[in-house]
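At position 156 of the sequence shown the residue is numbered 159 (this note's numbering), and the sequence of numbers has no breaks.
Using N, Cα and C, we set each Cβ at its ideal position, and we do this for glycine too.
All values reported here derive from a predicted model rather than from experimental measurement.
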Amino acid sequence: MVKVKQIDSFLEVSWEKNTCKNGYDQNNGVLPKNQKIQKYKEYEKDVAIEEIDGLQLVKKLAKNMEEMFHKKSEAMRRLVEAAEEAHLKHEFDADLQYEYFNAVLINERDKDGNFLELGKEFILAPNDHFNNLPVNISLSDVQVPTNMYNKAAEMYFVLRGPAGSDLLIDDMYSEHVLRAWSLAGCALP
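Below you can see the structure in the form of structure tokens.
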């Protein structure tokens, strides 16, 4: 009988050593069974189990998702309306030129260490609107399609259209965190 007890203890300690070897100090991390039970009982009085109706939880989740989708849909509808209105008011001007940054060229330097034309240093900082991902909200860049040339009159025309939506985008950005994610990937005509 003594041998069986020793084998059980040996197996328990052996199992603990094997499970603790990745990341825990084997000397300090292994507790005898009675100490584990005592530690559990110390914390047991602070734990409360609450019964939750699963159907009600699913209904609440569905309602929250529906509200979120309606808000996103409304935000995109407002954005499309603003873009269409700006497009209708816009007049093509072949001589129009202004500075923009090509997304492919940002943070790129020439052999002398100078930023490339249409490129600039974009400093990224964590932003709570974007889950603390590093972003730059003071400058915008443009992904120039491969079938368009940088600085072409058509390029300026395409870039000029969304300028009418800037205030709306700023308003929606400050209104709700989730809408910022929708706007981050949107493309305007």
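With respect to the 8 Å criterion, residue 104 and residue 142 are classified as neighbours on the basis of their beta carbons. In the DSSP assignment, residue 117 falls outside any alpha helix (DSSP H), carrying neither H nor E. As a beta-bridge residue in DSSP terms, residue 138 pairs with 128.
Cβ-Cβ distances below 6 Å link residue 131 to nothing in the same chain once the five nearest sequence neighbours on each side are left out. Per DSSP, the continuous alpha helix (DSSP H) segment holding residue 73 begins and ends at 57 to 92.
Membership of residue 54 in any alpha helix (DSSP H) is not indicated, and neither H nor E is assigned to it by DSSP.
In the structure shown, residue 37 falls within a helical segment according to DSSP collapsed to helix, strand and coil.
With a contact defined as Cβ atoms closer than 8 Å, residue 109 and residue 123 qualify at about 6 Å.
CA-CA distance, residue 125 to residue 84, rounds to 30 Å. In this structure, residue 112 places its C-beta atom within 8 Å of the C-beta atom of residue 119. Spatial neighbours of residue 65 in its own chain (CB-CB distance under 8 Å, excluding positions within 5 residues in sequence) are not present. As the crow flies, the alpha-carbon of residue 92 is around 18 Å from that of residue 98. Here the C-alpha atom of residue 42 lies approximately 11 Å from the C-alpha atom of residue 48.
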